[in-house]
Structures are given as structure tokens and as C-alpha cells.
Amino acid sequence: MQYDFWNNPLVVSAMRLKYRRSSPGITTCLYLLVLLTIGATLHHYQEAYNMPPGRAFLLAILGLQFLVSGGIALFTVANSMNAEVTNRTLDFQRIVSLRPYEILLGKMLGEPAISYFLALATLPFAVICWLEGSVTVVTMIWFYINLATFTLLCAAIGTIHTLVLSTNTTGMRRNNNGSVGLAFIWVPMMIFPTLLTRGTGWLQDSWLGAIINLCTPIGSLRFLFKGQPWDAQITLWGYTFPSLVVAPLMQLVLAYWIVMAMSRRLKNPIDPPVRRLHTYAALIIFDLLLAGVCFTQWQQGMATGRLLAQFGLSHLIASLVLLIGITPVKQVLVSWLWRFQTREPWLRSSCLGSRSEITLVLPIYCLLGAVIVFVGFALPTNFTRTPVNAAVRYDSLLEVMAVTSTLILALGMLHQGCVAIAGRSGLLIYAACLLLINILPPIVASLLLYPQSLRTAQGLLSIVVSLSPGAYYLSHLTRFTLQPLPCEWLIATQIGMLIGCFWMLRRWLNNQQAVVATKLASMEVL
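Heads up: the sequence shown at position 407 corresponds to 407 in this note's numbering, and the numbers run straight through without jumps.
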């Protein structure tokens, strides 16, 4: 099906409202003057840096344009979505002939139109840099493809909204797009300290660097500084893929995933935004990527125990993030109980349905992680082991996956219980519980004994600290001589929390089901 975005009424109205009294050409001309000033400054101080002026100008243009286009797309779309929800005009758009994804595409293309215009304005300067011999034509084309897909991804992120009008305690309307802006600021704040402390080498040989090279243009821009942008690569099981080619594909996949999730939310705001089947596919892709990176790092000499802990922690974080997108809230579970008497199979509804509890989803997440780490990492190390690189020990694999699976079951059930009993405020309660679970045991341990004895602690101190999931993974990931913490007490406490959360959830569901059955009986339906 062909999508005529120029005929989308949202795109047309956005263009008319934004430029009815002015022209994008004025803003573009001012932007061109800024680029000319940057180019003149770089040319004047070319002796101060060891780089050809053409390449320095191209790096400045691309780096600035990625920030400008991405930032404008993110904030304008986020502000537009928040204004639509606050003014309740989004409801009128739902009743027109546009499909939900067409509404979102109209927002992504119409609201940040100036970001696309400014990107096109840099083309003449990019051609000048190409004539100076900075990069080849193919490289230039791929950089601008990255720019286009990165802008679309930022616009898609801007569409993320609860679509529910939030109010504070006084009943006044509250702006609901601050989290998007904070996320846009938080990511560079997390990356830049790492660049300052560890340098840029981690972008090429670490698992976090592989994910950044896969989803962002940071790695390609970094190697453009050295004159070899194609050296930014993602290595999986010994095979290398250039970031310039892979990153646009992944950005389009992420943008598509976000648009489809928000389309579901547009149809019914209370439904979970993500299909459970889609989360299974996303988790499989993420785990395969992580297993390939772990195998590459194992070939480079990294210890298998540290790589297993790295995989387990990453799988745990990915699972908990995906669970937020599929966990039904209180009113959704109640509506599911009203339809529980239908003939839909319970197993299918629990694994693939949108409104049922996630009790059976959690074991599937655990099984997917265990299978992929075994097939994608443990088996390849056994087939290609050398006297220098030892294969994965199955006892270490069993320990890490047992801890990870137990945490997924316990924390996932805790999340379901919080949002089922407390409603939408349950997510804040869940976040507070996660924070306490991770920081409370180390605080208690520091009160029991001196902190400097943590490296050689035995007995009570190690038991208390091991109750923190973060401390357990940190003890296996650290490069220092910290003794890895035992897992028995952590597994025992998490199993206890799992049993308690499961009991509370079942008790709440049974009470709600009894209420539903009573009402159905009073209506003589049963």
C-alpha cells in the first residue's frame, strides 16, 4: 500500500499553520549563515587542529545537523502530542477516515518539517567538502541516509504519550512531555562521562558500544574524525557489519515498532501498547545481538564469567523494560475478567492476549534467554575453544541464568501486582521497590561492618550484600579483585518475594472474579 504523505491533512495543516505568516526559507537562510560562520572559523584556525579543513567542516556540519534535526523532531512532536491530549483535539482526529498510523506519520512528518528543510540546506556545503576530498560520494549518501532515519526515529520517540490527560492534586492540567525531554538530555549525560573517563575505544570493543553503533551515528562520526567512517563496525560471531549501513535499518525498525505501539494506544488508550508476540521477537533479536557481542569479546580474551554476567544483566533489563509495555493495569484486568467466560483458550490468552495477566509470559522470557545464551554463546565457545580461551563452564552458566530467571519471575510478578492493585500509580511503587531492593542491602551491610572490608568480606556481610541484585551482577562484572558474591541467598529471597506477590495477585484476581460472577448472576447471564 502506498502512503501519500503529501495528502495527509495533518501534514498540510501543520505546514499551513507554521508558515502562513513566514517562510521556511528565512530560517534556512539564517541557518546557512551560521554554517558559513562555522566554516570560516574552522578555516581560520585550521593550524590549531591536525585535520584537513574540508573534513573538519563536514564533521561539524553532520554533528550539528544530527543534534538539530533530532532535537527539533523530538520536541516538536512531543509538544504537539501533549497539546492534542491537553486540548482534547486528538479525539476528533480519531473519528476521521485516517488510520491511527497515518495520524502518527502526519505528526512525524508535518510538525518537524523545519528539521528536514535544514538538513537539505546542508547539502551544498557537503558537496563542497566532497570536492575537497573529505569523503567519497557513497559515504556522503550513507551519512545523509543516517540523518534521515535518525530524524524519523527521534520524531517517533516524540509520539510516545500516555494519551491520558494528567492532573495534579488541585485538578489543574499538567504538562506530560517532560519525560521525553529529560530522556533526550539524560542519554548524552550518560555517554559523555564514559567518553571522558574511558575514551572512545569502548565504542568499538564493548557490548554497550556495539548497541550504540547499531542504533546511533555516534560511532560513524567518531571514525569520520579519523578519516575512516567505515571502520565503525558491529562484530557478531566474528563477522563485521559497518555501522553506516546497519544503523539506518535498526532505526527504521525501532521507529516502526514505536509507531505500531502508539497506534494500538490510539485505538484504546488503556490497552497495553505492545503485543506480547512482538516482545518475544524483540527479546530474541536483542539476545542474539548480545550473544554475538559476547562471543566476539570472548575471542578477544575476556573471561567467560564476566560475559555471562553481562548477558544476564542485559537480558534482565530488556525483559523488565518489555514487561512495562505489556503488563495490563487494574481496569484492563477487570475487563479481561468480564470476558473470561468466553471460549478463548486460557493458554493462548495468557501467552498472546493483551488483557490477561502476565504469569505465563515471565517463564517464556526466562526460557528465551536461557536457550539463546546456550545456543548463541556457550556452544560456539565449546566448538572454537583454544588453550588461551577456555569454553563456558556450564555450572557458571546455570548459576547466572538461575539468578536472572528468578529475578525476572519475581520482579515481573511484583510489577504485575503493583499495577493491578494500585492502578496507574503502581508503576511508581514498583520503581521505588526496585530502588530499595538494590540499595538497601549494601546500606545495611555498611552499617554492620566497615565499608573498606567489603573486598574481603565473608559470612554475614557477604550474605547481606548478595541480597542486592545490582551488587551480585557488579561483583561478577568488575575488573577489580572483588570476590563474586554467592547467589543462594539472593535466589531464596527472590523466590520468597515471587511466592508472596503471586499469592497477593491471585487473591486480588479471585476477589475481582467473584464480584464479576455475582454481577453476571444478578443480570441472569450465567
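Glycine included, every Cβ here is placed at the ideal spot set by N, Cα and C.
Check, Outcome
"Determine the extent of the alpha helix (DSSP H) in which L64 is found, giving its start and end residues.", "P53 to N87"
"Given that a residue counts as buried once 16 or more other Cβ atoms are within 10 Å of its Cβ, and exposed if not, what is Q300?", "exposed"
"For a test of the three-state rule: what should DSSP assign to I408, helix, strand or coil?", "helix"
"Quick check on this structure: which residue in F117, L32, L147 and A517 has the alpha carbon closest to the alpha carbon of S243?", "L147"
"Measuring straight from C-alpha to C-alpha, what distance separates E84 and K107?", "11 angstroms"
"What did DSSP end up calling T151 once you bin it into helix, strand or coil?", "helix"
"Using the C-alpha atoms, what's the distance from Y116 back to P469?", "44 angstroms"
"For C351, I'd like the list of residues in its chain whose CB is within less than 8 angstroms of its CB, leaving aside the five on either flank, ordered along the chain.", "R276, L360, V361 and I364"
"How would you label S319, buried or exposed, when you count the other beta carbons within 10 angstroms and need 16 or more for buried?", "buried"
"Between V137, L105 and I141, which lies nearest to I160 when the distance is taken from Cα to Cα?", "L105"
"Once DSSP output is grouped into helix, strand and coil, what is the label at L236?", "strand"
"For Q331, does the count of other Cβ atoms within 10 angstroms reach 16, so buried, or fall short, so exposed?", "exposed"
"Who are the near neighbours of W508 in its chain, counting only those whose CB is closer than 7 angstroms to its CB and skipping five residues on each side?", "A420 and I421"
"Hey, could you find the ends of the alpha helix (DSSP H) D469 is sitting in?", "A quick correction: the sequence has Pro, not Asp, at residue 469. Counting along the chain, the alpha helix (DSSP H) containing P469 begins and ends at P469 to L477."
"Could you say which of T27, C154 and G369 lies nearest to L120 if we only look at CA atoms?", "T27"
"So, at 7 angstroms on beta carbons, what are the nonlocal neighbours of P273 in its own chain, with the 5 sequence-adjacent residues on each side left out?", "A261, M262, R264, R265 and G325"
"Any contact between the region 59-74 and the region 210-221? By contact I mean 3 or more CB pairs, one from each, below 8 angstroms.", "yes"
"Just list the residues that DSSP pairs G242 with in beta bridges.", "The sequence shown places Pro at residue 242, rather than the Gly named in the question. According to DSSP, which records beta bridges pairwise, P242 is partnered with Q233."
"What's the C-alpha gap between F295 and T304?", "9 angstroms"
"Threshold first: 4 residues or longer. Then list the alpha helix (DSSP H) segments lying entirely within the region 327-414, N to C.", "330-338, 346-352, 361-373 and 379-383"
"In the DSSP assignment, find the alpha helix (DSSP H) that holds E488 and state where it starts and stops.", "E488 to S522"
"Hey, how far is the Cα of P188 from the Cα of I157?", "Low per-residue confidence applies at P188: pLDDT is 49, beneath 50, and the placement is therefore not dependable, though the value from the model is reported in the following sentence. In a straight line, the C-alpha of P188 is about 16 angstroms away from that of I157."
"If you count every other CB in all the chains shown that lies within 10 Å of the CB of M523, and 16 or more means buried, which is it?", "exposed"
"When burial is assigned at 16 or more other CB atoms within 10 Å of the CB, is R506 buried or exposed?", "exposed"
"In whole angstroms, what is the alpha-carbon distance linking L397 and L208?", "21 angstroms"
"Mark S425 as exposed unless 16 or more other C-beta atoms lie within 10 angstroms of its C-beta, in which case mark it buried.", "exposed"
"To the nearest angstrom, how far is it from the Cα of L520 to the Cα of N511?", "14 angstroms"
"Helix or strand or just coil, what does DSSP make of T216?", "coil"
"First and last residue of the alpha helix (DSSP H) that includes L425?", "As written in the sequence, residue 425 is Ser, which differs from the Leu given in the question. Neither: S425 is in no alpha helix (DSSP H) and is coded neither H nor E."
"How about L323 and I358: are their beta carbons less than 8 angstroms apart?", "yes"
"Is it buried or exposed, P124, if we count other Cβ atoms within 10 angstroms and call 16 or more buried?", "exposed"
"Could you have a look at D271 and say whether DSSP puts it in helix, strand or coil?", "coil"
"Measure the CB-CB distance between V334 and G423 and report whether it falls below 8 angstroms.", "no"
"By a C-beta neighbour count over all protein chains shown, 10 Å radius and 16 as the cutoff for buried, is T406 buried or exposed?", "buried"
"Using C-beta distances below 6 angstroms, list every residue in its chain close to A232, excluding the 5 sequence neighbours before and after it, in chain order.", "N213, G219, S220, F223 and S243"
"DSSP three-state label for G178, please.", "Residue confidence for G178 is low, a pLDDT of 42 falling below 50, so the modelled location carries little weight; the figure read from the coordinates is stated next. In the structure shown, G178 sits in a helix (DSSP, three-state: H, G or I)."
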